[in-house]
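Working notes for the structure below.
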Amino acid sequence: MSDWTTDPLELFGIACIVIGLISVTIGKQFPVIRLLLGDRSMITQWIIGLIFFSIGIGSLYVAGVWT
């Protein structure tokens with residue numbers, strides 16, 4: 049059996065987590081991310097990143113990854 053997933057909810061969750069982590073961790077070094085978010089405040093960028101991360105964790109939980 050393959051370890052790869054095809055469940056769209058899991059893929060969505062993983063994508064949200066990756067986007068959130070990129071926004072929070074390396075957003076300061078890459079101003080393109082800040083321009084895409086349309087924001088100049090680092091605090092708001094961290095909040096947006098944490099929101100994406102939380103949505104990703106929630107969707108993975110709903111998909112039953114940890115059951």
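Note that this note's numbering has the sequence shown beginning at 49, numbered continuously upward. From the three backbone atoms N, C-alpha and C, an ideal C-beta is built for every residue, glycine too.
Have a look at residue i and residue j and give me their C-alpha separation to the nearest angstrom.
{"i": "residue 200", "j": "residue 73", "result": "No information on residue 200 is available, as it lies outside the stretch 49 to 115 that the chain covers here."}
{"i": "residue 84", "j": "residue 114", "result": "33 Å"}
{"i": "residue 103", "j": "residue 64", "result": "7 Å"}
{"i": "residue 56", "j": "residue 79", "result": "30 Å"}
{"i": "residue 49", "j": "residue 101", "result": "Unreliable positioning characterises residue 49 in this predicted model, as indicated by a pLDDT of 47, which lies under 50. The coordinate reading is nonetheless provided below. Roughly 29 Å between the two C-alpha positions."}
{"i": "residue 54", "j": "residue 112", "result": "13 Å"}
What are the boundary residues of the alpha helix (DSSP H) that residue i is part of?
{"i": "residue 77", "result": "Here residue 77 belongs to no alpha helix (DSSP H), and DSSP marks it neither H nor E."}
{"i": "residue 92", "result": "90-111"}
For a quick check, are the C-beta atoms of residue i and residue j less than 7 Å apart?
{"i": "residue 98", "j": "residue 61", "result": "no"}
{"i": "residue 71", "j": "residue 105", "result": "no"}
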